[in-house]
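Let me begin by presenting the structure, written as structure tokens, before commenting on it.
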Amino acid sequence: MAHPDIVLQYAELRRSRRGGNWLWIIPKCSLCKERHMHGGGAASDDPRHLLSDRVPHCRNVPKDVKVWLIEDPEFHGLRLRHEEVMELAMAMHARWVRQLEERMAQCAAELRRRGVPVPDLEGISVI
Ligand SMILES: [Zn+2]
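Here this note's numbering runs 372 ahead of the position in the sequence shown, where the first position is 1.
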């Protein structure tokens, strides 16, 4: 049987009023246009462990899709085939690595400017 498609839903991190537990709020679901609330775990837990694959809270849940919570509004409502999710994750990882490498180069340049000896980072890979 084919895997269901995956619909990405942008969610914002909030604290619950009572107890300070984490909540993931979907301000406007791309499927039903409603606001949804998903648990994000206890205050002492990392709420990001509860991103990605979640049960949809839409009143009429489309049977052929799964919902993934994400933090990046850029991808809200994007519908992907099951195998495309890994491609997206790899693209996002590549972007993150590029940003990290740029930041490392900036830091090294700044340290050299201040006369701090810095090992040559050329050829050192983040991954
Ligand atoms: Zn919905």
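Backbone N, C-alpha and C define an ideal beta-carbon position, used for all residues, glycine too.
In this structure, the alpha-carbon of A481 lies about 23 Å from that of A466. Listed in chain order, the non-local C-beta contacts of H454 below 6 Å within the same chain comprise H375, local neighbours out to five positions each way being set aside. With a cut-off of 7 Å, the C-beta of H448 is classified as distant from ligand 1, since no heavy atom of the ligand falls inside that distance. A Cβ-Cβ separation of about 5 Å places D377 in contact with V437 under the 8 Å criterion. Boundaries around H408 are those of the beta strand (DSSP E), 408-411, since no alpha helix (DSSP H) includes it. A direct Cα-to-Cα measurement between V490 and L483 gives close to 7 Å.
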